[in-house]
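Remarks on the structure that follows.
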Amino acid sequence: MYNFLLPDEFVTSIFEITPEKLQELGIKGIITDLDNTLVGWDRADATEELIIWLRIMKESGIRVIIASNNNETRVKHFAEPLGIPYIHKAKKPFRNAFYSAIIQLGLRPNEVVMVGDQLLTDVMGANRLGLHTVLVKPVAQSDGLVTKFNRFIERRVFNDLKRKGILTWEEKE
Numbered sequence: 013m014y015n016f017l018l019p020d021e022f023v024t025s026i027f028e029i030t031p032e033k034l035q036e037l038g039i040k041g042i043i044t045d046l047d048n049t050l051v052g053w054d055r056a057d058a059t060e061e062l063i064i065w066l067r068i069m070k071e072s073g074i075r076v077i078i079a080s081n082n083n084e085t086r087v088k089h090f091a092e093p094l095g096i097p098y099i100h101k102a103k104k105p106f107r108n109a110f111y112s113a114i115i116q117l118g119l120r121p122n123e124v125v126m127v128g129d130q131l132l133t134d135v136m137g138a139n140r141l142g143l144h145t146v147l148v149k150p151v152a153q154s155d156g157l158v159t160k161f162n163r164f165i166e167r168r169v170f171n172d173l174k175r176k177g178i179l180t181w182e183e184k185e
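The working numbering numbers the first residue of the sequence shown as 13 and each following residue consecutively.
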């Protein structure tokens, strides 16, 4: 029932994702969401810890691109100082942004991981293309209106998964 909604992995933080772990999986590129994945939706700039994580990925040969449903002003302000390519108004879970990101990375789908904080946008869209998916615990505890609706649906899915004995990041804490 949850084929498109179930991520390959649950993590409590982006920092649990290491180059070594990705390389073991044959992953050479990351498509990442921005808001509540890399930083809180209400934070304009990257944290020092995130800057270091991105540098480590780059030095390890892991390519990174941001695919965000947010507007160009928000995504550009965040991504450009870091030298990270980005796609704004991605319209996830629709496939176009994922295809575009894979092409910009210059990789095959089996070499790419999607990292995001939402089942209904990040995970569902990437799963439909056969990408490896990682659901990260949201950085911020608050959300915008559309995301609040998505979280309501996620809560129902998580409760069902828990009843079936499938652990999410909630049970790993």
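Ideal Cβ placement from N, Cα and C applies to all residues, glycine included.
Indicate whether at least one CB of chain C lies closer than 8 Å to the CB of residue i.
i, result
"residue 91", "Going by chain labels, chain C is absent from the structure shown, which holds only one protein chain."
Could you give the DSSP three-state label for residue i: helix, strand or coil?
i, result
"residue 172", "helix"
"residue 17", "coil"
"residue 51", "strand"
"residue 75", "strand"
"residue 39", "coil"
"residue 148", "strand"
"residue 165", "helix"
Classify residue i as buried or exposed, calling it buried when 16 or more other Cβ atoms lie within 10 Å of its own Cβ.
i, result
"residue 89", "exposed"
"residue 195", "Because the chain is modelled from 13 through 185, residue 195 falls outside the range shown and cannot be assessed."
"residue 82", "buried"
"residue 139", "buried"
"residue 118", "exposed"
"residue 166", "buried"
"residue 40", "buried"
"residue 129", "buried"
What is the C-beta distance between residue i and residue j, in whole angstroms, given that I count them as a contact (C-beta under 8 Å)?
i, j, result
"residue 169", "residue 131", "6 Å"
"residue 114", "residue 124", "6 Å"
"residue 48", "residue 151", "5 Å"
"residue 46", "residue 25", "The Cβ separation is near 15 Å, so there is no contact."
"residue 74", "residue 96", "Residue 74 to residue 96, Cβ: 12 Å. No contact."
"residue 142", "residue 110", "Actually they are not in contact, since the Cβ atoms of residue 142 and residue 110 sit about 10 Å apart, beyond 8 Å."
Starting from residue i and walking both ways along the beta strand (DSSP E), at which residues does that stretch end?
i, result
"residue 143", "Per DSSP, residue 143 belongs to no beta strand (DSSP E) and is neither H nor E."
"residue 128", "124-128"
Alpha helix (DSSP H) containing residue i: first to last residue?
i, result
"residue 24", "Looking at the DSSP string, residue 24 is not in any alpha helix (DSSP H), and its letter there is neither H nor E."
"residue 67", "60-71"
"residue 87", "84-91"
"residue 29", "No alpha helix (DSSP H) holds residue 29; DSSP gives it neither H nor E."
"residue 80", "Per DSSP, residue 80 belongs to no alpha helix (DSSP H) and is neither H nor E."
"residue 107", "107-117"
TODO: Inspect the CB distances between the region 101-109 and the region 61-70 and report whether three or more fall short of 8 Å.
DONE: Contact between the region 101-109 and the region 61-70 is absent: fewer than three C-beta pairs spanning the two stretches fall below 8 Å.
**Asked** Do the region 21-31 and the region 135-147 touch if we need at least three Cβ pairs shorter than 8 Å?
**Response** The count of Cβ pairs closer than 8 Å, one atom from the region 21-31 and one from the region 135-147, reaches three, so the stretches are in contact.
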